[in-house]
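S.K.:
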Amino acid sequence: MILHLPGELSIATLVLGPLLTNTYVLVHHPARRAARDAPAGPTPAGPTCWLVDPGLEPEPLLDYLRHKQLQPQRVLLTHCHGDHIGGLSAVKELWPEAIVGAPLAEADWLTDPARNLSLPFGMHVVAPEADETFQAGEELQMGGLTWEILDTAGHSPGGVSFYCRRCGVVLTGDALFADSIGRSDIPEADGEKLLRNIRRSLLALPESTRVLPGHGPPTTIGEERTSNPFL
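Numbering of the sequence shown is given in my numbering, commencing with residue 116 and proceeding in unit increments.
1) Run through DSSP, which three-state label would GLY252 get?
2) Using CA coordinates, which residue listed in GLY161, GLU339, ASP168 is at the minimum distance from ALA293?
3) Using 8 Å as the Cβ pair cut-off and three pairs as the minimum, do the region 259-269 and the region 230-240 touch?
4) Under three-state DSSP, which class holds THR226?
5) How big is the Cα-Cα spacing for VAL130 and ASP178?
6) Assign PRO321 to buried or exposed, taking buried as 16 or more other Cβ atoms, counted over all protein chains shown, within 10 Å of its Cβ.
7) Can you check the region 266-337 for any beta strand (DSSP E) of at least 3 residues that lies completely inside it and give the ranges in chain order?
8) At what residues does the beta strand (DSSP E) containing HIS143 begin and finish?
9) Only counting the same chain, and skipping five residues up and downstream in sequence, which positions put a Cβ closer than 8 Å to that of THR248?
10) Helix, strand or coil for GLU339 per DSSP?
11) Under a Cβ-count criterion, where at least 16 other Cβ atoms within 10 Å of its own Cβ denotes burial, should ALA268 be classed as buried or exposed?
12) Within a Cβ cutoff of 6 Å, which residues of the same chain sit near ARG189, ignoring the five residues on either side of it in sequence?
13) Return helix, strand or coil for ALA150, following the three-state DSSP convention.
14) For LEU291 and VAL326, which I take to be in contact (beta-carbon distance under 8 Å), what is that distance rounded to the nearest angstrom?
15) Does VAL240 come out as helix, strand or coil in the three-state DSSP assignment?
16) Output the distance between the C-alpha atoms of ASN343 and SER204, rounded to the nearest integer angstrom.
17) What is the rounded straight-line gap between the Cα of ALA127 and the Cα of ASP227?
18) Distance, Cα to Cα, PRO133 vs HIS270?
19) Where does GLY216 fall in DSSP's three states?
20) Considering only the beta carbon of each residue, do PRO162 and VAL140 sit closer than 7 Å?
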């Protein structure tokens, strides 16, 4: 599925691995508007490509990037559980200059299979270390687009969501799903904190905001306000 949004942004969804993790390919095409508006001249710069949560068994993701001739400049992690970082090594092997960003509170999980919970599931995920860390309240710039980092910790202690106000979209990781929320019956989870953060950080967004979760189908903030049985 490819979602085309305002601000010359497209988001492709690839479902990866045994836990069916949604990995997102964000592509910003500022050159499209420039090409329409500007007189003939030099070819504009290519698109900016970011990845969010490269999952296990990442071959479909790698094939997609190669087919589209995309070079990811940045890889963002909503949290550092094994099913959301399992493809990170393969991405860095092919695109070593891609900058990996992880929540500060979980950055050391990348190299720890016990804490990233891959070991309890019979796997042994050891990912490359983060190149940068971030916390809720900070912002990331993607060309002319601003991504706000929202505090949605609870499923994991450092979990975040990425919100682009201009595009009307939020990537929620394992905090908020269609008609559900993230698990809190796992190590280092806090269900009460998760509910507080969902209500404060996500349900306060405009109801038309598209929600792209870490698993399952997309939804909207309005739909979850009215129909999510956990809220």
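Every residue gets a Cβ at the ideal spot worked out from N, C-alpha and C, and that includes glycine.
M.R.: In this structure, then:
1) coil
2) Checked all of GLY161, GLU339, ASP168; the closest Cα to ALA293 is GLU339.
3) no
4) helix
5) Spanning the two alpha carbons is a distance of roughly 13 Å.
6) exposed
7) 275-279, 284-288, 325-328
8) 136-143
9) GLY216, ALA217, PRO218, LEU219, ALA222
10) helix
11) Burial call: buried.
12) TRP165, ILE214
13) Confidence at ALA150 is low in this model, with a pLDDT of 45, below 50, so the placement of that residue should be treated as unreliable; the coordinate-derived value is given next. Three-state DSSP puts ALA150 in a helix.
14) 6 Å between Cβ atoms; contact.
15) In this structure, DSSP gives VAL240 a state outside helix and strand, which the three-state scheme calls coil.
16) 35 Å
17) 29 Å
18) 19 Å
19) GLY216: strand per DSSP, three-state reduction.
20) no
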